[in-house]
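Residue numbers (full-length UniProt numbering): 1 to 140.
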């Protein structure tokens, strides 16, 4: 049996649970509005990992492409969640000007959030492309 679908379901459940718990932490955030963004992004990302785990049997990818998809999806979605959590905690705004409006953090914190958010977004875009490619190649 392929362990990747099970791992995706586990990582998705962990992210979903952590995101639910973040909902209780809103008062500690420098930017509670960004905290809501982190909360919602984490819930959606957890559900995306669940969906990937459940549709895995319909993919037609090489072993290398499957592993790459798994790593990029998990790393990318977790990176987005972590970056938004840090943005809420630190009150950064450069990478998220709408949700971060009226907040400003140190240059280092702004750079950390920007790099992690950008990396996670790129990894997620590549993983979504691989996912679509694997679904389109599926044979009945």
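Backbone N, C-alpha and C define an ideal beta-carbon position, used for all residues, glycine too.
Option in 131, 133 and 124 with minimal Cα separation from residue 44:
By 1-based counting over the chain shown, the position of residue 44 is 44. Among 131, 133 and 124, the Cα nearest to that of residue 44 belongs to 124.
Using a Cβ-Cβ cutoff of less than 6 angstroms, which residues in the same chain neighbour residue 88 once the five nearest sequence positions on both sides are dropped?
Counting from 1 along the chain shown, the entry for residue 88 is found at position 88. Cβ neighbours of residue 88 beyond the five flanking positions: 29, 31, 34, 35 and 38.
Comparing C-alpha positions only, which one of 66, 65 and 96 sits nearest to residue 80?
The count along the chain shown starts at 1 and reaches residue 80 at position 80. Here the closest residue by C-alpha is 96.
Which residues mark the beginning and the end of the alpha helix (DSSP H) in which residue 86 is found?
What you label residue 86 is simply residue 86 of the chain shown in a count that begins at 1. Under the DSSP assignment, residue 86 falls in the alpha helix (DSSP H) whose first and last residues are 63-90.
Which residues bound the alpha helix (DSSP H) around residue 129?
To locate residue 129, count along the chain shown from 1; it is residue 129. Residue 129 -> alpha helix (DSSP H) spans 107-136.
As a quick exercise: from 19, 91 and 116, pick the residue whose alpha carbon is nearest that of residue 75.
For the purposes of this step, residue 75 is taken as residue 75 along the chain shown, with counting starting at 1. Nearest C-alpha to residue 75: 116.
Rounded C-alpha distance that separates residue 66 from residue 131
For the purposes of this step, residue 66 is identified with residue 66 of the chain shown, where counting begins at 1. For the purposes of this step, residue 131 is identified with residue 131 of the chain shown, where counting begins at 1. Taking the straight line joining both Cα atoms gives about 9 angstroms.
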